[in-house]
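Our numbering runs 153 ahead of the 1-based position in the sequence shown. Positions of the beta carbon are idealized from the N, C-alpha and C atoms, including for glycine.
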Amino acid sequence: MLIRFWALVILVLTADQITKLIVVNRLVPGKPYPVLEGILNLTYILNPGGAFGFLASLDLLLLAVTLLTVVAIIILHRSIIRSGMGLPVAFLLGGAIGNMVDRLRLGAVIDFIDLGFWPVFNVADIAIVVGITLLVYQVAGTRPGRAGEADG
């Protein structure tokens with residue numbers, strides 16, 4: 154399980170960084186490129202804030218919190234895996250590292266997936282949302298007294 158955990162972290166990080174490299178080398182900042190007309194554009198922007206552009210004025214705080222979170226997960230990864238939370242945390246870690254690399258290198262995060270009705274985001278953001286969703290699902294699924302269980 155340890156190898157799978159780190160393989161997923163590396164896969165998420167690699168996919169994130171490769172897509173961002175392609176975007177930086179192929180797209181003009183701020184110019185939307187339609188992929189699915191009216192549904193999906195690729196729009197290269199630099200986002201100084203957190204996920205989906207939130208907390209833009211707190212960029213140093215975001216970097217510090219991300220760095221502390223990454224270090225804590227790395228230190229605790231064996232316990233996390235033993236607890237059965239390895240899959241969601243691997244998604245979270247890969248995404249957090251991907252955005253942290255951008256923030257350290259550029260002072261902002263490269264975003265490019267533009268649905269028009271939501272702030273522009275990237276592969277790391279998707280991984281973070283998947284990780285949080287899986288984590289909530291797993292935690293909610295392990296609580297005693299869930300709806301639908303027989304009283305006993």
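Here Ile192 carries a coil assignment [DSSP, helix/strand/coil].
For Val181, the secondary structure class from DSSP, reduced to helix, strand or coil, is coil. With distances taken between CA atoms, Tyr290 lies nearest to Val242 out of Val273, Gly247, Leu257 and Val242.
When beta bridges are read from the DSSP output, Val262 appears opposite Asn200.
In this structure, Ile281 keeps its C-beta atom at 8 Å or more from the C-beta atom of Gly239. Within the same chain, and ignoring the five residues on either side of Leu166 in sequence, the residues whose Cβ sits closer than 7 Å to its Cβ are Gly247, Ile250 and Gly251. When C-beta atoms of the region 266-281 are compared with those of the region 180-198, three or more pairs fall below 8 Å, so the two segments count as touching. Phe244 places its beta carbon 8 Å or farther from that of Leu155. Assignment of beta strand (DSSP E) within the region 224-261, counting only whole runs of 3 or more residues, yields no such run.
For the pair Lys173 and Asn275, the Cα-to-Cα distance works out to about 8 Å. One thing to note: Pro185 has its Cβ no nearer than 8 Å to the Cβ of Ala261. In this structure, Val177 sits near Ile263, with a CB-CB distance shorter than 8 Å.
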